[in-house]
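The sequence shown begins at 2 in this note's numbering and counts up one residue at a time.
In what follows, a structure is listed as structure tokens, so that the remarks can point back to it.
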Amino acid sequence: QFWKIMTFAGPALGIWLFSPLMSLIDTAVIGNCSTLELAALGPATVLCDHVSYLFMFLSVATSNLIATSLARNDLEEAAQHLSRLLLISLSLGIGMLVLMEFYATPLLQGFLKSQNSFLVSPAATYVKIRALSWPAMLVGMVAQSAILGMKDSWSPLKVLAIAGAINAVGDILLCSSLGFGIAGAAWATSFAQYVAVVLMLKSLVHKGYNIFLVCLPSRKDLKQLLKIVVPVLTTTVFEVVFYTLCTYLASTLGPLNLAAHQVMIGIQNLCYVWGEPLAQTAQTFMPALLDGSSRDLNQARVLLQILLIIGATVGLVAGFSAISIPWLVPQVFTKDVVIIEKMRRISLPVLCTLVVTPPMLALEGTLLAGRDLKFLGFAMVCCYSGGIMVTLVS
Numbered sequence: 002q003f004w005k006i007m008t009f010a011g012p013a014l015g016i017w018l019f020s021p022l023m024s025l026i027d028t029a030v031i032g033n034c035s036t037l038e039l040a041a042l043g044p045a046t047v048l049c050d051h052v053s054y055l056f057m058f059l060s061v062a063t064s065n066l067i068a069t070s071l072a073r074n075d076l077e078e079a080a081q082h083l084s085r086l087l088l089i090s091l092s093l094g095i096g097m098l099v100l101m102e103f104y105a106t107p108l109l110q111g112f113l114k115s116q117n118s119f120l121v122s123p124a125a126t127y128v129k130i131r132a133l134s135w136p137a138m139l140v141g142m143v144a145q146s147a148i149l150g151m152k153d154s155w156s157p158l159k160v161l162a163i164a165g166a167i168n169a170v171g172d173i174l175l176c177s178s179l180g181f182g183i184a185g186a187a188w189a190t191s192f193a194q195y196v197a198v199v200l201m202l203k204s205l206v207h208k209g210y211n212i213f214l215v216c217l218p219s220r221k222d223l224k225q226l227l228k229i230v231v232p233v234l235t236t237t238v239f240e241v242v243f244y245t246l247c248t249y250l251a252s253t254l255g256p257l258n259l260a261a262h263q264v265m266i267g268i269q270n271l272c273y274v275w276g277e278p279l280a281q282t283a284q285t286f287m288p289a290l291l292d293g294s295s296r297d298l299n300q301a302r303v304l305l306q307i308l309l310i311i312g313a314t315v316g317l318v319a320g321f322s323a324i325s326i327p328w329l330v331p332q333v334f335t336k337d338v339v340i341i342e343k344m345r346r347i348s349l350p351v352l353c354t355l356v357v358t359p360p361m362l363a364l365e366g367t368l369l370a371g372r373d374l375k376f377l378g379f380a381m382v383c384c385y386s387g388g389i390m391v392t393l394v395s
């Protein structure tokens, strides 16, 4: 079991690193070009990366439904689930594209107080360019989760390695060499996401799935989907509200604090996902042990124990890796000594957060695999509600 976990979770780690790594590359390149644009990137990523996290229910639902169908050897049902979720993700992506193109500026004006109004223009430029990639982002999320649900973590990793290289080269070329700044970073990220979704869909075709199959969801399908979506969406709403509130409060403390916050939240997000492969492993392998043709609760317990041991180890490595950056190599992101000092001041809470995250994600993935969604939703809402209250009080 340990070998099966490592051969699946190892490549899956690279997959989960993709999105925060792309954001961190944007942060590093922009931070070395302009402190003003680095500060503007904070609220801009709220409307791009934080809001996109609200749609994680698509990823969870896809992985869960397809893994469960395949555990029952029902290939036709898996294909139908994939078709419905691709259609839903495309529709939501187009809707978000339109929403962000028309309302990015008003939303940023409401988010940033009058003393930071000079950040609205560069932030809006970034958001509107990134908005063009919303359909690719959400369709790619479903395609990637479907492939992972088929116990294949190598194909998405290869795709994202190509997209990541394109994004990194694009950032350096457009931002640093050609001087497009924050707009260049947005164009590079958007183009990379379209490359990624095309390659993901091509991988599904190679596996025998018809990506152009239109399968409209019935009332029964929607009911089944909502049982998964509602608790997961409730959890992510509270999580997004919490992190958005953190960024908003940082914006009220001036551009230097906001810039330091943007760098540290990027580092934290990059290391946070080190535990996501454990959640994905649980969602992929647990359904067969809990509800499949080879049901074995003892093996499920052993699998969970292994995931928790790996999680504890990964948490320590992730935590100390994250806090080493502001102390050893802060110049990667900024040369401003004031920003560097502010980054170092919050090393301890970042360490504490990252140490406990991987074991927590292993447990979260197990609850998702067992579809114990009411308890998961209740627990996470309580956690983030407490976090919001502590943040407001402090």
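Glycine included, every Cβ here is placed at the ideal spot set by N, Cα and C.
Residue i versus residue j - alpha carbon distance
| i | j | result |
| --- | --- | --- |
| Val47 | Lys343 | 21 Å |
| Leu291 | Asp297 | 7 Å |
| Leu174 | Glu78 | 45 Å |
| Ala40 | Val330 | 20 Å |
| Ile266 | Leu317 | 18 Å |
| Ser24 | Phe192 | 14 Å |
| Val198 | Val394 | 42 Å |
| Ser348 | Val315 | 18 Å |
| Ile6 | Leu368 | 18 Å |
| Ile212 | Phe3 | 34 Å |
| Ala169 | Trp188 | 11 Å |
| Lys114 | Arg220 | 45 Å |
Contact set for residue i: own chain, Cβ-Cβ below 7 Å, skip 5 residues either direction
| i | result |
| --- | --- |
| Ala29 | Val333, Phe334 |
| Ala68 | Gly150, Gln284, Thr285, Pro288 |
| Ser53 | Met138 |
| Ile389 | Val242, Phe243, Leu246 |
| Ser122 | none |
| Arg85 | Cys216, Pro218, Asp222 |
| Lys152 | Phe9, Thr285 |
Supposed contact pair residue j and residue i - C-beta distance, whole angstroms, cut 8 Å
| i | j | result |
| --- | --- | --- |
| Ala319 | Pro359 | 7 Å |
| Leu1 | Ile148 | This structure does not reach residue 1, given that the chain is present from 2 up to 395, and the question cannot be answered. |
| Tyr127 | Ile183 | 5 Å |
| Cys58 | Val238 | The amino acid at residue 58 is misidentified as Cys; the sequence shows Phe. At roughly 10 Å, the Cβ-Cβ gap does not stay under 8 Å, so Phe58 and Val238 are not in contact. |
| Gly94 | Pro136 | 3 Å |
Whether residue i touches residue j by CB criterion (9 Å)
| i | j | result |
| --- | --- | --- |
| Pro218 | Ile89 | yes |
| Gln284 | Gly366 | yes |
| Leu161 | Gly15 | yes |
| Gly141 | Gln81 | no |
| Ser252 | Gly43 | yes |
| Ala280 | Ile341 | no |
| Gly312 | Met361 | yes |
| Ala144 | Leu98 | no |
| Asp50 | Ala186 | no |
| Pro157 | Pro12 | yes |
| Thr236 | Gly378 | yes |
| Leu120 | Leu37 | yes |
| Ser60 | Ser177 | no |
| Trp398 | Val357 | Residue coverage of the chain in this structure runs from 2 to 395, which leaves residue 398 outside it and unanswerable. |
| Leu100 | Ala124 | no |
| Cys384 | Ala323 | no |
Closer than 9 Å to chain D by CB, residue i
| i | result |
| --- | --- |
| Leu39 | The displayed structure is made up of one protein chain only, and chain D is not part of it. |
Chain-order list of residues whose beta-carbon lies under 6 Å from that of residue i (same chain, five-residue window excluded)
| i | result |
| --- | --- |
| Thr354 | none |
| Gly32 | Leu39, Phe334, Thr335 |
Own chain partners of residue i with C-beta closer than 8 Å, once the 5 adjacent residues on each side are dropped
| i | result |
| --- | --- |
| Trp155 | Pro12 |
| Ile163 | Val196, Ala197, Leu200 |
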